[in-house]
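Enquirer: Numbering (this note's numbering), first residue to last: 2 to 508. The following block contains the structure, expressed as structure tokens.
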Amino acid sequence: MSDQTTDSDLEGQIAHRTRKAEDLRGKGVNPWANDFHVTHAIADVPRDIEKLPTEDQIAEQDPRYAVAGRLLQMNEKGKVAFLFLRGDRGEMIQLFVKVNYEKAFALLKDLQLGDIVGARGQMFKTRIGKAAMRVEELRLLTKAIRPLPGKLLGGQDVKDVESRYRQRYVDMISHPEVAEVFRKRARLVTEMRRFFDDRGYVEVETRTLLSTNGGAAARPFVTHHNTLDMNLYLRIATELDLKRLVVGGIDRVYEIGRIFRNEGMDRFHNPEFTTIEFYQAYATYEDLMVLTEQLFERLAVAVCGGTEITYQGQSLSLKAPFCRLSMRDAVRAALPDAPVDDREALVRYVTQRLHETPHTEHAGTRMDYGHALTHLFEEHVEGTLIQPTFITEHPIEVSPLSRRNDRTPEFCDRFELFLVGKEFANAFSELNDPIDQRARFQSQVALKAAGDTEAMDYDEDFCRALEHGMPPTAGEGIGIDRLAMLLTDQPSIRDVILFPQLRPEGA
RNA sequence: GAGCCGGUAGCUCAGCCGGUAGAGCAGCGGCCUUUUAAGCCGUUGGUCCUGGGUUCGAUCCCCAGCCGGCUCACCA
């Protein structure tokens, strides 16, 4: 205790706290003890002021509670001290330590903010009418060698988002509301599982490493297997394996899993993210629209308590039914002069517009009717779809895995669900005609040869699977991170991913 | 990948016209037997993101880089 450390920089504080821990060990106190028995969560300790005795009314038979939590504040007042501990949900308990309880009082000088502390005692009402525990036993359970930055109680919030994302543990200590976002995300996923389990879907886990890239339009990550001495792709979708399982006889199947796309990062994109994909035999995309409405309603109720929610100041209603609109009608409404039904004229129309707006990098490798229509939709409609809207009848060129519509084979039996101007779900009646599927893969290969880095590989095994016969099936994928953003009202995908991708910390 | 904005004490931030830096909180040493973001006395702490340049002199001006945020492009 003779240390006269005056350093207040980080190294000095760490050194001081480390010496403190060593001193304690020298006195026979384990600074990282694990023999304290908690009887109650801090949240579960009764604190109804009306029912609590004043200090001199405490009776020997009044219940005792043993709690533990992080020490966030210490007010020492001579021969008495008040401490605040915070528990696992961000709730606080006030401790009252008097000089009369000698051992407990003596420990105070070895405690520092951020330490994990255990306390045992009886609850009472302080002179200013606050609930507090009169501590009979006080224990240091974990010495925090490194001081916590910023706000504990009082002090300032840590606002530097970089350190918040890099050191999520610190972020969560400083901001209990951050932990709450991730609890809600967990609730969302749990509820989603229940929803599908209740309907007889089987949850599976398929492979992440693949030798062919498919199931979506995206650039993959490449990795290398040493023993096989071959490059493998990290999956960009779970689609093809799940449909293999439908061929194999699991009529209702889903996977909640991480997928990887080697593309840009921004407020709505992280290189690894989580999707649910589900497939149901003998269903159509129209059945899935109804199912999707039920799912979104249920998730909103479970996470937000109702179907009327707010996202970043916008009021949204997730109450069924959602609006349904074909892509052509949507484009027509936004651009009355676009020749939506004339395939060649529409390509010319879009090509001309692209020349007029030179800032676009859009490659000329895939300008056909389907891409032209989709381009107009994405440019002029997508961002305006605030309330939940199903966009149906996508062109075949942008849907290499979807079933053609029986009446208008240039379009397919597909929908995407949009909300707050973003895509949230993508679903279609699955293409199960192996001959057509081979042709679609062929055109993907041609696109890839022409420089389209997002085109799929020809998946021979998948075609072979379809040749064995896949029942008529509908399938859907939903981005869980975006859904979590929506239901927790977070502005950035980084706020719903525990450890979002950042550049490595500089040396 | 492009544009804009930012990086100063552990945290939040000031810092004028270029003269090598301040506050609050945290820390450290005291005082106080009912505090509530306690109070009072004293006190420590800085690679001003990095590297160049201009200058007698750079946290400040210029250039390059690193990291982050936002917008745009690609994508979900």
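Glycine included, each C-beta is placed from N, C-alpha and C at the ideal position. The structure presented is a predicted model; accordingly, all values stated were derived computationally and were not measured.
Count the other C-beta atoms from every protein chain shown that fall within 10 angstroms of the C-beta of A364, then say buried if there are 16 or more, exposed otherwise.
Expert: Only weak support is given to the placement of A364: the predicted model assigns it a pLDDT of 46, under 50, and the question is left unresolved by the model.
Enquirer: With distances taken from CA atoms, which of G215, E181, T228 and K80 is nearest S400?
Expert: G215
Enquirer: Between L420 and A218, what straight-line distance do the alpha-carbon atoms span, to the nearest angstrom?
Expert: 21 Å
Enquirer: Name the two residues that bound the continuous alpha helix (DSSP H) containing T409.
Expert: Run containing T409: none; DSSP gives neither H nor E here.
Enquirer: List in chain order: all unbroken beta strand (DSSP E) runs of 3+ residues lying wholly within the segment 252–277.
Expert: 253–261
Enquirer: Please work out which residues of its chain come closer than 6 Å, Cβ to Cβ, to R259, disregarding the five sequence neighbours upstream and downstream, and give them in chain order.
Expert: E273 and T275
Enquirer: Considering only the beta carbon of each residue, do L86 and V118 sit closer than 8 Å?
Expert: yes
Enquirer: Where does S164 fall in DSSP's three states?
Expert: If DSSP states are grouped into helix, strand and coil, S164 belongs with the helices.
Enquirer: So, helix, strand or coil for T224, using DSSP?
Expert: strand
Enquirer: Exposed or buried, what is I498 when buried is set at 16 or more other beta-carbons lying within 10 Å of its beta-carbon?
Expert: buried
Enquirer: Would you identify the three-state DSSP class for Y370, choosing helix, strand or coil?
Expert: helix
Enquirer: Take the Cβ of N271 as the centre, count every other Cβ of all protein chains shown within 10 Å, and call the residue buried at 16 or more, exposed below.
Expert: Taking all protein chains shown into account, N271 has 16 or more neighbouring C-beta atoms within 10 Å of its C-beta and is therefore buried.
Enquirer: Rounded to the nearest angstrom, how far is the Cβ of E92 from that of A120, given a contact under 8 Å?
Expert: Incorrect: roughly 15 Å between the Cβ atoms, too far for contact.
Enquirer: Is it buried or exposed, R408, if we count other Cβ atoms within 10 angstroms and call 16 or more buried?
Expert: exposed
Enquirer: Does the beta-carbon distance from F106 to I59 come in below 8 Å?
Expert: no
Enquirer: Please go through the same chain and pick out, in chain order, the residues whose beta-carbon is closer than 6 Å to the beta-carbon of E445, but skip the five residues on each side of it.
Expert: Strictly speaking, residue 445 in this sequence is Gln, with Glu absent from that position. Excluding residues within five positions, the ones whose Cβ falls inside 6 Å are P401, A456 and M457.
Enquirer: Whole angstroms is fine: what's the gap from D462's alpha carbon to G249's?
Expert: Here the alpha carbon of D462 sits roughly 13 Å from the alpha carbon of G249.
Enquirer: Classify H395 as helix, strand or coil using the three-state DSSP reduction.
Expert: In this structure, H395 counts as strand in the three-state DSSP scheme.
Enquirer: Just the Cα atoms here: how many angstroms apart are L300 and P410?
Expert: 35 Å
Enquirer: Alpha carbon to alpha carbon, how far is R140 from D45?
Expert: 20 Å
Enquirer: Nearest CA to the CA of I146: which residue from R439, P396, A440 and A22?
Expert: A22
Enquirer: Check whether the segment 73–90 touches the segment 158–168, taking contact to mean three or more Cβ pairs, one atom from each stretch, closer than 8 Å.
Expert: Counting Cβ pairs under 8 Å, fewer than three are found: no touch.
Enquirer: Compare the beta carbon distance of V247 and T19 with 8 Å and say whether it is the shorter of the two.
Expert: no
Enquirer: Does the structure place the segment 483–498 close enough to the segment 185–198 that three or more beta carbon pairs sit under 8 Å?
Expert: Taking 8 Å as the limit for Cβ pairs, the verdict is that the segment 483–498 does touch the segment 185–198.
Enquirer: Quick one: what's got a C-beta closer than 8 Å to D111's C-beta in the same chain, skipping five residues either side?
Expert: K21, D24, L25, V30 and L141
Enquirer: Report, in whole angstroms, the separation of the C-beta atoms of A42 and D116, which I expect to be a contact under 8 Å.
Expert: A Cβ-Cβ distance of about 19 Å is found for the pair A42 and D116, leaving them out of contact under the 8 Å criterion.
Enquirer: Roughly how many angstroms lie between the CA atoms of G384 and P472, to the nearest whole one?
Expert: 36 Å
Enquirer: How would you label D343, buried or exposed, when you count the other beta carbons within 10 angstroms and need 16 or more for buried?
Expert: exposed
Enquirer: Please work out which residues of its chain come closer than 7 Å, Cβ to Cβ, to G201, disregarding the five sequence neighbours upstream and downstream, and give them in chain order.
Expert: Result list for G201: R253, in chain order.
Enquirer: Answer yes or no: do C464 and R439 have a C-beta to C-beta separation smaller than 8 Å?
Expert: Yes. Within cutoff.
Enquirer: Specify the secondary structure class of M1 as computed by DSSP and reduced to three states.
Expert: Residue 1 lies beyond the range of the chain shown here (2 to 508); nothing can be said about it.
Enquirer: Between which residues of its own chain and S430 is the CB-CB distance below 6 Å, once the five residues before and five after are set aside?
Expert: T285, Y286, R404, D414 and A475
Enquirer: Write down every uninterrupted run of the beta strand (DSSP E) in the segment 197–251 whose length is 3 residues or greater and which is fully enclosed by it, in chain order.
Expert: Here the runs fully enclosed are 223–226 and 231–235.
Enquirer: Any chance you could list the alpha helix (DSSP H) runs of at least 4 consecutive residues sitting entirely within the segment 424–466, in chain order?
Expert: 435–450
Enquirer: Return the CA-CA distance between F279 and L503, expressed in angstroms with no decimal places.
Expert: 31 Å
Enquirer: If you compare alpha carbons, which of L114, A82 and F183 is closest to N101?
Expert: A82
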